[in-house]
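Line by line, the protein sequences give chains A and B. So for the first sequence, the working numbering puts the first residue at 1; every next one is plus one. So for the second sequence, the working numbering puts the first residue at 1; every next one is plus one. Each residue gets a CB set at the ideal place from its N, CA and C atoms; glycine is no exception. Bear in mind that the values here come from a model prediction, so they are computed numbers and not experimental data.
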Amino acid sequence: MNPSARPHGSRFKGLGKAGHMVWVIGLVAALILTAVAFIVQQAASHEREQAFANAADINSKIVLSDEVRIRSLLASLDKVLLVLRRDFAQNPKMTQQQLVRRLDELKIDAELDPRISFVSASGEVLQSTARSGKGPLSALNVSDRAYFQKLKAGQDDLLHVGAPIESRISGLWGVPLTRRITQKDGSFGGVIVMTVDPGLFTEPFEQTSFGANASRAIIGLDGYTLLRLNDGKISYGGDARKSQVFLEIKKSKVGNYTARAATDGVIRFVNYRVIDPYGLVIVAASAVDSIEASYRDKLRAYFIAAALFALLIVSLSGLLILSVVRQRKLFKSQQSFNQLIELVPQLVCSLDAKGQVTWVNGRTVDYIGPSADEQAQGFAWVTAAIHPEDQARVQEFVAVALLQDHSVRACEYRRRRFDGAYLWFSSQITRVLDKQGVDVSFLQTGTDIHDRKMAEERGRVTQKLESIGQLTGGMAHDFNNLLAIILGNQQLLQQETLSEQGVKRLQVASSAAQRGVGLVKSLLALASKQPLLPATVDLWALVERIAPLLRHALGQRVQCEMTPPAIQVHVHVDEAGLEAVLLNLIVNARDAMPGGGRLSLSLDASAGMARLLIADSGTGMPPAVLKRATEPFFTTKERGSGTGLGLAMVAGFVKQSGGTMGIESEVGKGTTIEICLPLVLAAPVPVAQLAVPSPQPGASGNRRILIVDDEPALAELVQAWARAQGHTAVLAPSADDALTLLAVRRFDVLLTDIMMPGRMDGIGLAEAASALYPDLTILLMSGYSRETATNRADVPWDLLVKPFSQQDFDAALEKAFRVSGFAPLV
Amino acid sequence: MSGACFRGFDMMDARPDPLRFAVVEDDPFMAELVRDMLSSAGVAVEVFALGAELLQCAHLRAFKAILLDLSLPDIDGFDLMDKLAEDSIGMSVVLMSGHDLATLRGAKLYGNGIGLNMRGALTKPFTRDELLAALGLAV
Numbered sequence: 001m002n003p004s005a006r007p008h009g010s011r012f013k014g015l016g017k018a019g020h021m022v023w024v025i026g027l028v029a030a031l032i033l034t035a036v037a038f039i040v041q042q043a044a045s046h047e048r049e050q051a052f053a054n055a056a057d058i059n060s061k062i063v064l065s066d067e068v069r070i071r072s073l074l075a076s077l078d079k080v081l082l083v084l085r086r087d088f089a090q091n092p093k094m095t096q097q098q099l100v101r102r103l104d105e106l107k108i109d110a111e112l113d114p115r116i117s118f119v120s121a122s123g124e125v126l127q128s129t130a131r132s133g134k135g136p137l138s139a140l141n142v143s144d145r146a147y148f149q150k151l152k153a154g155q156d157d158l159l160h161v162g163a164p165i166e167s168r169i170s171g172l173w174g175v176p177l178t179r180r181i182t183q184k185d186g187s188f189g190g191v192i193v194m195t196v197d198p199g200l201f202t203e204p205f206e207q208t209s210f211g212a213n214a215s216r217a218i219i220g221l222d223g224y225t226l227l228r229l230n231d232g233k234i235s236y237g238g239d240a241r242k243s244q245v246f247l248e249i250k251k252s253k254v255g256n257y258t259a260r261a262a263t264d265g266v267i268r269f270v271n272y273r274v275i276d277p278y279g280l281v282i283v284a285a286s287a288v289d290s291i292e293a294s295y296r297d298k299l300r301a302y303f304i305a306a307a308l309f310a311l312l313i314v315s316l317s318g319l320l321i322l323s324v325v326r327q328r329k330l331f332k333s334q335q336s337f338n339q340l341i342e343l344v345p346q347l348v349c350s351l352d353a354k355g356q357v358t359w360v361n362g363r364t365v366d367y368i369g370p371s372a373d374e375q376a377q378g379f380a381w382v383t384a385a386i387h388p389e390d391q392a393r394v395q396e397f398v399a400v401a402l403l404q405d406h407s408v409r410a411c412e413y414r415r416r417r418f419d420g421a422y423l424w425f426s427s428q429i430t431r432v433l434d435k436q437g438v439d440v441s442f443l444q445t446g447t448d449i450h451d452r453k454m455a456e457e458r459g460r461v462t463q464k465l466e467s468i469g470q471l472t473g474g475m476a477h478d479f480n481n482l483l484a485i486i487l488g489n490q491q492l493l494q495q496e497t498l499s500e501q502g503v504k505r506l507q508v509a510s511s512a513a514q515r516g517v518g519l520v521k522s523l524l525a526l527a528s529k530q531p532l533l534p535a536t537v538d539l540w541a542l543v544e545r546i547a548p549l550l551r552h553a554l555g556q557r558v559q560c561e562m563t564p565p566a567i568q569v570h571v572h573v574d575e576a577g578l579e580a581v582l583l584n585l586i587v588n589a590r591d592a593m594p595g596g597g598r599l600s601l602s603l604d605a606s607a608g609m610a611r612l613l614i615a616d617s618g619t620g621m622p623p624a625v626l627k628r629a630t631e632p633f634f635t636t637k638e639r640g641s642g643t644g645l646g647l648a649m650v651a652g653f654v655k656q657s658g659g660t661m662g663i664e665s666e667v668g669k670g671t672t673i674e675i676c677l678p679l680v681l682a683a684p685v686p687v688a689q690l691a692v693p694s695p696q697p698g699a700s701g702n703r704r705i706l707i708v709d710d711e712p713a714l715a716e717l718v719q720a721w722a723r724a725q726g727h728t729a730v731l732a733p734s735a736d737d738a739l740t741l742l743a744v745r746r747f748d749v750l751l752t753d754i755m756m757p758g759r760m761d762g763i764g765l766a767e768a769a770s771a772l773y774p775d776l777t778i779l780l781m782s783g784y785s786r787e788t789a790t791n792r793a794d795v796p797w798d799l800l801v802k803p804f805s806q807q808d809f810d811a812a813l814e815k816a817f818r819v820s821g822f823a824p825l826v
Numbered sequence: 001m002s003g004a005c006f007r008g009f010d011m012m013d014a015r016p017d018p019l020r021f022a023v024v025e026d027d028p029f030m031a032e033l034v035r036d037m038l039s040s041a042g043v044a045v046e047v048f049a050l051g052a053e054l055l056q057c058a059h060l061r062a063f064k065a066i067l068l069d070l071s072l073p074d075i076d077g078f079d080l081m082d083k084l085a086e087d088s089i090g091m092s093v094v095l096m097s098g099h100d101l102a103t104l105r106g107a108k109l110y111g112n113g114i115g116l117n118m119r120g121a122l123t124k125p126f127t128r129d130e131l132l133a134a135l136g137l138a139v
């Protein structure tokens with residue numbers, strides 16, 4: 001049966017595949033963490049770009065403003081240079097005074113304070129504004145100067161800015177600004193040199209810089225450093241040929257790059273710009289460390305946020321996985337609980353706090369078998385299946401179990417099965433508590449105890465019978481004695497002369513005493529204290545023999561029909577007992593037909609059973625009475641008129657005789673009693689008459705010997721021999737008598753003839769006796785040889801072959817006693 | 001007490017009386033009843049309350065028959081029959097008992113088997129006629 005197939009069976013659903021949840025949760029968490037890592041990385045890289053862009057912006061602005069300033073500075077100085085070169089061309093013999101005057105006329109900003117020198121093609125200084133303290137100007141030669149050699153080699157007519165040099169005239173440091181002096185024929189005519197203070201270039205440098213280790217420089221394309229500002233310190237000159245910028249300007253005249261500075265080893269982010277045509281590069285650089293430091297705090301904040309978020313995700317998914325696993329465990333335990341509940345043989349239902357059924361197991365449905373309509377309307381059918389007589393009791397039980405009693409109690413009641421039959425159930429209610437100990441629901445189980453209940457019922461009857469047996473066994477003897485005295489005296493009284501009233505009273509007393517006699521007999525029969533003495537009986541012959549008695553008992557108003565069997569029917573029963581049974585049944589039938597009626601008695605035989613039917617047309621019995629009909633002391637007759645033992649006795653007798661008894665009854669139609677007894681095929685054999693032996697004188701015996709022989713002469717002889725030995729010898733003429741004697745008295749030895757008339761021969765007797773009395777020593781005797789007599793070789797008992805002498809007998813007895821080894825009889 | 005009474009009777013007349021019966025019955029009322037029943041048929045009765053009293057009776061063999069209750073306080077009915085079978089040849093015995101029929105029938109068989117002349121077995125309660133019939137007396 002599949003519990004989920006029925007609506008009430010699927011208590012727990014939708015919880016399957018919980019195992020996959022763990023993987024899903026893990027995967028989602030991993031995805032979220034990856035996304036967070038990606039976002040953080042993106043943000044970090046964005047921040048870095050922003051910082052570098054910011055640095056580039058600042059540096060490029062610095063570079064640009066430097067360019068503007070330097071261009072205007074150089075342009076104004078170049079203008080002076082060009083005017084003086086023209087003047088010098090017109091007047092090569094210009095004196096120092098003329099030159100100074102001319103310079104003043106040009107109204108150059110005093111701050112610039114340029115020093116002008118004219119140099120001949122051979123490098124001699126022709127004229128200069130500088131005052132030389134080292135001797136005449138003509139002695140000076142600057143042909144070794146880099147600017148001189150460069151202009152001499154070149155053809156262009158451009159302003160050249162050279163590396164700072166120490167003036168040979170004034171001894172001051174200055175930056176040489178030079179132009180070529182070209183002859184009319186185009187040949188090199190010398191150089192005009194303007195030397196300015198390098199400080200002219202430094203002025204704006206002191207203002208802006210970006211971060212620590214920021215650096216700015218003006219570099220000549222010839223590979224020198226015009227000026228460098230590094231971390232607030234200004235330096236002039238120096239070889240710059242190794243600078244990265246020379247590689248960069250080949251690609252572009254404006255741009256930026258990152259490189260480690262050769263001078264101080266600091267990695268910088270550099271912006272540069274080439275200033276044409278002056279052959280200069282302006283450079284502004286920020287240390288990468290400083291740039292990165294500017295967004296490092298932000299970056300740290302990002303990482304901390306991301307780490308916290310990751311931690312949150314991991315813990316959340318962990319908790320989620322834990323709860324899924326727990327739920328899965330719960331589901332599994334609930335599932336096994338569910339399976340268990342479907343597996344148990346009990347009917348199980350759960351109740352809410354009001355005692356209403358909220359769920360039932362499949363077995364309950366199978367057992368009660370409600371219709372689809374009933375099932376559609378909830379669980380009312382569960383309660384409806386309880387027997388109407390038990391409804392109130394069950395309701396009270398449920399109410400008590402729900403409200404007051406916390407222990408598990410049981411209630412026994414009848415419950416309707418799908419086929420309409422009511423069967424006994426034992427019900428228990430268990431409270432299901434949650435962790436706080438609050439009632440959540442109630443589980444009610446119902447166990448089928450029908451068989452037990454029925455067995456108890458039968459046991460009750462059996463017990464009643466047994467106690468009656470014990471009672472009668474002990475009392476019947478005394479009771480019979482009392483009755484004998486009462487009846488005997490009453491009988492003697494009848495011979496006396498009594499008054500009419502005295503006679504009447506005596507009759508009443510006598511009839512009461514007679515009833516007492518009947519009661520004791522019934523009790524004895526019922527208790528089976530009176531062993532039946534079964535014999536093979538022609539059943540119909542017996543019926544016919546007592547027919548007049550039966551008819552008399554029935555009375556005039558009952559018509560009696562007797563249907564004989566087609567064949568002779570023999571059964572093995574106690575005749576007297578069977579007579580009593582018939583009489584009992586006839587009297588019952590008569591009492592059931594107070595206004596007269598019809599009784600039919602018929603006998604037939606089939607399937608190895610004789611079937612005796614006694615049917616009356618009487619009042620019949622309702623089922624409740626029929627159920628208890630064979631129960632001892634159960635009677636529907638008036639008090640005093642019946643003992644309640646009649647049918648009980650009949651049932652007991654039939655059962656003891658190996659038969660069965662059935663009763664069919666319907667109110668208003670009558671009752672039919674059926675008695676079936678096992679058929680016996682053999683014809684009855686008359687039991688041999690009791691032989692009357694002549695008693696032999698002898699000493700008091702110390703053994704008790706039972707001698708069984710249908711030939712009295714020999715038996716008496718053997719008895720005499722036994723008595724001579726001091727034994728008690730008892731004679732029995734047949735096997736049946738021998739068994740009766742064995743039942744009433746203990747014997748030491750059974751000596752039996754083999755060939756005997758009757759239903760049992762000596763071997764049969766020996767077998768029966770040894771089975772019943774294992775201590776009994778058995779001896780066989782026969783006129784035939786062992787094999788002929790027994791017709792078989794496996795008989796275990798010793799055989800005395802007739803004729804045998806007293807010595808043979810004594811020897812056989814002695815051997816038997818020796819072998820059995822039993823103690824002398826006390 | 002009844003024993004004492006009949007001992008005097010014994011001494012007066014020791015000859016076997018063809019109609020002198022012994023009754024072995026411990027219940028005095030039952031004993032009286034049997035005596036009355038038999039007296040009405042003209043039979044003399046000597047009552048013994050115990051089996052030992054009967055066995056000690058000097059003129060035991062003089063009794064025409066012995067009415068024997070199977071249940072006696074001092075001796076088992078079967079043992080008493082054994083003793084009777086040893087002492088007397090062909091003693092007539094009638095058994096009386098409130099026991100069930102099977103026991104009574106077995107006891108009768110037993111008596112026959114040891115050589116007693118079992119004249120009958122009466123289940124209590126019995127009528128006077130049944131008693132007389134068992135003793136072979138005319139009703």
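In DSSP terms, what residue i is bridged to
i                        : result
threonine 536 of chain A : A:His572
valine 753 of chain A    : Note that residue 753 of chain A is aspartate in the sequence shown, not valine. Aspartate 753 of chain A is bridged to A:Met781.
threonine 671 of chain A : A:Ser665
isoleucine 66 of chain B : B:Ala22, B:Val93
arginine 145 of chain A  : Bridge partners of arginine 145 of chain A: none, in fact.
arginine 611 of chain A  : A:Asp604, A:Cys676
DSSP three-state assignment for residue i, whether helix, strand or coil
i                            : result
threonine 364 of chain A     : helix
phenylalanine 397 of chain A : helix
tryptophan 797 of chain A    : coil
tyrosine 302 of chain A      : helix
tyrosine 272 of chain A      : strand
methionine 21 of chain A     : helix
phenylalanine 126 of chain B : coil
glycine 821 of chain A       : Confidence is the limiting factor: at glycine 821 of chain A the pLDDT is only 49, short of 50, which leaves the residue's position unreliable and the question unanswerable from this model.
serine 317 of chain A        : helix
Whole-number beta carbon distance between residue j and residue i, since they are thought to touch under 8 angstroms
i                        : j                        : result
leucine 84 of chain B    : leucine 122 of chain B   : So it is not a contact: roughly 17 angstroms between Cβ atoms.
alanine 484 of chain A   : methionine 37 of chain B : Their Cβ separation, rounded to whole angstroms, is 11 angstroms, which puts alanine 484 of chain A and methionine 37 of chain B out of contact at 8 angstroms.
glycine 211 of chain A   : alanine 130 of chain A   : About 41 angstroms; that fails the 8 angstroms criterion.
threonine 447 of chain A : glutamine 346 of chain A : 5 angstroms
leucine 74 of chain A    : leucine 159 of chain A   : 6 angstroms
leucine 765 of chain A   : alanine 812 of chain A   : That pair is no contact at about 18 angstroms.
*asked:* Would you call the stretch 236 to 252 of chain A in contact with the stretch 287 to 306 of chain A, where contact means no fewer than 3 C-beta pairs closer than 8 angstroms?
replied: no
*Any 3 or more C-beta pairs closer than 8 angstroms across the stretch 147 to 164 of chain A and the stretch 190 to 197 of chain A*: A contact exists between the stretch 147 to 164 of chain A and the stretch 190 to 197 of chain A.
*May I have a chain-ordered list of the beta strand (DSSP E) segments no shorter than 3 residues that lie completely inside the stretch 38 to 108 of chain A?*
none
*Assess, as a yes-or-no matter, whether the stretch 41 to 51 of chain A is touched by the stretch 336 to 345 of chain A under the definition of 3 or more beta carbon pairs within less than 8 angstroms.*
The stretch 336 to 345 of chain A, when compared against the stretch 41 to 51 of chain A, does not touch it at the 8 angstroms Cβ threshold.
*Does the stretch 317 to 325 of chain A touch the stretch 246 to 264 of chain A, meaning 3 or more C-beta pairs lie closer than 8 angstroms?*
no
*Cβ pair count under 8 angstroms reaching 3, the stretch 594 to 607 of chain A against the stretch 615 to 624 of chain A*: Yes: at least three Cβ pairs fall under 8 angstroms.
*Report yes or no: do three or more beta-carbon pairs, one from the stretch 99 to 116 of chain B and one from the stretch 744 to 764 of chain A, lie closer than 8 angstroms?*
yes
*Starting from the N-terminal side, write out each stretch of the beta strand (DSSP E) that is 3 residues or longer and does not extend beyond the stretch 203 to 260 of chain A.*
215 to 220, 224 to 230, 233 to 236, 254 to 260
_Pairs of beta-carbons, one from the stretch 269 to 286 of chain A and one from the stretch 217 to 228 of chain A, closer than 8 angstroms: are there three or more?_
yes
*Just list the beta strand (DSSP E) runs in the stretch 341 to 388 of chain A, keeping only unbroken ones of 3 residues or longer that don't cross its boundaries, in chain order.*
347 to 351, 357 to 360
*At a cut of 8 angstroms, does the stretch 718 to 734 of chain A reach the stretch 667 to 674 of chain A through at least three beta carbon pairs?*
no
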